[in-house]
Structures are given as C-alpha cells and as structure tokens.
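Residue numbers (the numbering used here): 11 to 183. Notes follow once the structure below has been shown.
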C-alpha cells in the first residue's frame with residue numbers, strides 16, 4: 011500500500027524541472043505574492059552570440075511593481091534587446107536601457123539607475139522640462155534612458171553620484 015500526498019500537475023511540473031509550465035507557475039505565484047505584499051519582482055538574462063561573424067552580447071530584463079492599496083501594476087522592461095516595430099524582428103542594440111526607479115521624497119526626487127561598469131565620470135545627464143536623459147559609456151558598456159520626472163527640476167540643482175554601478179541623481183527644486 012502506498013501512502014503519501016497525491017501530486018498535482020503543478021507539483022509534477024516542478025519535479026520534472028518545470029520547463030515553460032513550471033516557469034509560468036512560478037511567475038503567477040510571485041505575482042500573487044506581489045499583490046499581497048506590495049513588493050516588486052524583477053528578472054534578467056544575459057547571453058552572448060555570434061551572428062554573421064559579429065559577436066553580440068544581449069541583456070533583457072523586466073521589473074514589475076505593485077503597491078499596497080493601489081491596483082495599478084507597473085512593468086518596466088530593460089536591456090538592449092528590442093523588437094523592431096517595422097519588421098517585427100528582434101534586434102540586439104549596442105546601447106542598453108538600464109533599470110530605473112524614481113522615488114519622490116519630501117524635498118527632492120531620487121532617480122536610481124543600475125548601470126554595471128559605470129562611474130560618475132562616465133555619465134552625462136540632460137534635462138528638458140520634466141524629461142531627464144541619462145547617457146553613460148565606458149569601454150563596451152553603453153547606456154541610455156529617458157525618464158519622465160514628477161515635475162521639472164533645474165539641472166544645476168541635481169547631484170549625481172555613482173557607486174558600484176548604481177547611479178543616484180538627487181533632483182532638488
């Protein structure tokens with residue numbers, strides 16, 4: 011006589027390594043956890059490939075945020091892999107789009123951007139009205155991102171620092 015719990019399809023999918031089904035099940039469970047706790051979920055994949063003799067390094071990722079008491083969901087993709095709107099083909103771009111957070115504080119807005127391999131000296135920022143543009147380049151690492159700020163901030167009142175690839179821009183009124 012066999013004793014023990016009967017395994018469901020979900021359990022079997024995880025036991026076999028899960029594949030696509032296991033990955034989707036894990037994603038749904040994480041999204042449910044996000045909805046209950048008001049946290050965030052992110053994922054990132056990197057790959058290197060050679061196409062027509064050219065070595066390409068690709069990065070693709072996402073960040074999903076859900077807030078407590080707020081039904082809105084924010085999904086932000088990042089990386090250097092994009093779908094070309096005209097052809098529908100996937101393209102690996104030379105410039106990466108970093109993962110960015112904008113946090114509104116009492117006296118300033120804080121912009122945080124993940125840009126591994128970059129120092130403060132490698133960063134150029136421009137502001138036009140309420141749009142902040144970040145450009146950074148060091149060796150083969152190239153990043154660019156346009157960010158909509160909560161309001162317009164003067165460039166001369168922005169303080170930029172970068173530690174261990176995390177760019178921090180404090181925007182004061």
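Don't be surprised by glycine CBs; every beta carbon is placed ideally from N, CA and C. All values derive from a computational prediction rather than experimental measurement.
**Prompt:** Which value, in whole angstroms, describes the spacing of the CA atoms of residue 120 and residue 179?
**Reply:** 6 Å
**Inter-residue Cα distance where the pair is residue 174 and residue 91** = 24 Å
**Prompt:** So, residue 182 versus residue 169, is the Cβ gap smaller than 9 Å?
**Reply:** Yes, the pair counts as a contact, with Cβ atoms nearer than the cut-off.
**Prompt:** Under three-state DSSP, which class holds residue 116?
**Reply:** Secondary structure of residue 116 (DSSP, three-state): coil.
**Request:** Specify whether the segment 157 to 164 and the segment 106 to 125 touch according to this definition: at least 3 beta carbon pairs, one from each stretch, less than 8 Å apart.
**Result:** yes
**Prompt:** Roughly how many angstroms separate the alpha carbons of residue 94 and residue 103, rounded to a whole number?
**Reply:** Residue 94 and residue 103: Cα-Cα distance of roughly 10 Å.
**Message:** Just to confirm my understanding: we take residue 140, look at its own chain, exclude 5 residues before and 5 after, and list those with CB closer than 7 Å. What are they?
**Reply:** Here the set comprises 158, 159, 161 and 162.
**Request:** Within its chain, find whatever has a CB closer than 6 Å to the CB of residue 142; leave out the 5 residues flanking it on each side and keep chain order.
**Result:** 157 and 159
**Reduced DSSP secondary structure (H/G/I, E/B, other) of residue 165** = Residue 165 carries a helical assignment under DSSP once its states are collapsed to helix, strand and coil.
**Message:** Determine whether the beta carbon atoms of residue 135 and residue 172 lie at a separation below 9 Å.
**Reply:** no
**Asked** So who's on the other strand from residue 111, going by DSSP bridges?
**Response** Residue 111 is bridged to 122.
**Prompt:** Using a Cβ-Cβ cut-off of 7 Å (strictly less than) and excluding sequence neighbours within five positions of residue 108, which residues of its own chain qualify?
**Reply:** 88, 123, 124, 125, 153 and 155
**Message:** Residues in the same chain with beta-carbon distance under 8 Å from residue 148, minus the five sequence neighbours each way, listed in chain order, please.
**Reply:** 127, 128, 129 and 132
**Among 99, 118 and 145, the one whose alpha carbon lies nearest that of residue 177** = By alpha-carbon distance to residue 177, the top candidate from 99, 118 and 145 is 145.
**Item:** Contacting residues, own chain, Cβ-Cβ under 6 Å from residue 137 (five flanking each side not counted)
**Value:** 165
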